[in-house]
Amino acid sequence: MEHKVNHFKDAAAVVFDEPKRTSFVQLSTADGVRLGCGGCEVPPHSSNQNHVHDADEVMHVVEGELEFVFADRTEVLGPRDVIYVPAGEWHQIFNRTEKPAYHTYVFSDPACTDLILARYNQK
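By the count of the numbering used here, the sequence shown reaches residue 274 at its end, each step adding exactly one.
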């Protein structure tokens, strides 16, 4: 396999209305890779839904401040902070600030990004 490049401008933008956020999928199974990745814009005073994945996930906060809520704890991360979430762990991400936030994500299985793309393809 050779290296892959996917420029942000070419990423599929998947807009979620409730709660409001936009996910940008940059690598999925269609790219012939063994992981999936992208990024997510989280507007001020918004969140995603409590959810779980079948794959490990690493998230890197690039901009803003995000609160990661788990069953037994809450972690607040800022720029350059990274969090690892093992497969099967329920989590929810909040932006409780007045400024937008952005984080990248990497899944150990690209099928997780395929699920996000499935939502994009339904539009």
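Each residue gets a CB set at the ideal place from its N, CA and C atoms; glycine is no exception. Remember, it's a predicted structure, so these values are computed and weren't measured experimentally.
- Restricted to the stretch 164 to 198, not a single alpha helix (DSSP H) segment is unbroken, complete and at least 4 residues in length.
- Look at residue 269 here: in three-state DSSP terms it is helix.
- Nearest C-alpha to residue 197 among 206, 264 and 249: 249.
- By the Cβ test, the stretch 217 to 224 is not in contact with the stretch 155 to 170, since fewer than three Cβ pairs between them sit closer than 8 angstroms.
- Sorting 257, 184, 158 and 217 by C-alpha distance to the C-alpha of residue 194 places 217 at the top.
- Between residue 177 and residue 188 a beta carbon distance of about 6 angstroms is seen, short of the 8 angstroms cut, so the two are scored as contacting.
- The C-alpha of residue 182 is placed about 14 angstroms away from the C-alpha of residue 257.
- Bridge partners of residue 264 according to DSSP: none are assigned.
- In this structure, the beta-carbon distance from residue 255 to residue 213 falls below 8 angstroms.
- For residue 229, same chain residues with a beta-carbon under 7 angstroms away, outside a window of 5 residues either side, are 212 and 216 in chain order.
- Contact check for residue 206 against residue 265 fails: the beta carbons are separated by 8 angstroms or more.
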